[in-house]
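Chemist:
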Amino acid sequence: MGDCLFCRIVERKIPSKIVHEDELVVAFEDVNPQAPTHMLVIPRKHIPSLKETDAADAALLGHLMTVCAKIAKQKGLADSGYRLVTNTGPNGGQTVFHLHIHLLGGRPMEWPPG
Numbered sequence: 003m004g005d006c007l008f009c010r011i012v013e014r015k016i017p018s019k020i021v022h023e024d025e026l027v028v029a030f031e032d033v034n035p036q037a038p039t040h041m042l043v044i045p046r047k048h049i050p051s052l053k054e055t056d057a058a059d060a061a062l063l064g065h066l067m068t069v070c071a072k073i074a075k076q077k078g079l080a081d082s083g084y085r086l087v088t089n090t091g092p093n094g095g096q097t098v099f100h101l102h103i104h105l106l107g108g109r110p111m112e113w114p115p116g
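Offset between the sequence shown (1-based) and this note's numbering: plus 2.
(1) Leaving out the 5 sequence neighbours to the left and right, which residues in its chain are closer than 7 Å to ARG109 when beta-carbon positions are compared?
(2) Does the separation of the CB atoms of ILE49 and PHE8 fall below 7 Å?
(3) Given a cut-off of 7 Å on the beta-carbon distance, is the pair LEU106 and HIS40 in contact?
(4) Exposed or buried, which one is ALA58 when buried takes at least 16 other CB atoms within 10 Å?
(5) Counting Cβ pairs, one atom from each stretch, are 3 or more of them under 8 Å apart for the segment 91-101 and the segment 19-31?
(6) For the beta strand (DSSP E) containing VAL28, list its first residue and its last residue.
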């Protein structure tokens, strides 16, 4: 999708600070961090949001979570803890309509979050 911000990052048409990439996902630093560590983990495949996934995407969704855990460990967050957030739809706070997981850490998280 040529007009999707995250697809353009995957295609290297927009520069970003990539921290992980493999055949299925790309992870990069958020340009507007909400915590000392704030990464976005996205599938290379364009999926607008979590609501558009189905059983065929189960392996990809599991891989996204595994990559989040790997990055958290690499960034020294595994022992102190971190938060994963997936916003879905306008009322869920989604502003970029390409499935993504926010990995936030490096400070205590509040509850409720929003």
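Ideal Cβ placement from N, Cα and C applies to all residues, glycine included.
Modeler: Result, derived from the coordinates:
(1) ALA37 and PRO38
(2) no
(3) In contact: LEU106 and HIS40 (Cβ atoms closer than 7 Å).
(4) exposed
(5) no
(6) 27-31
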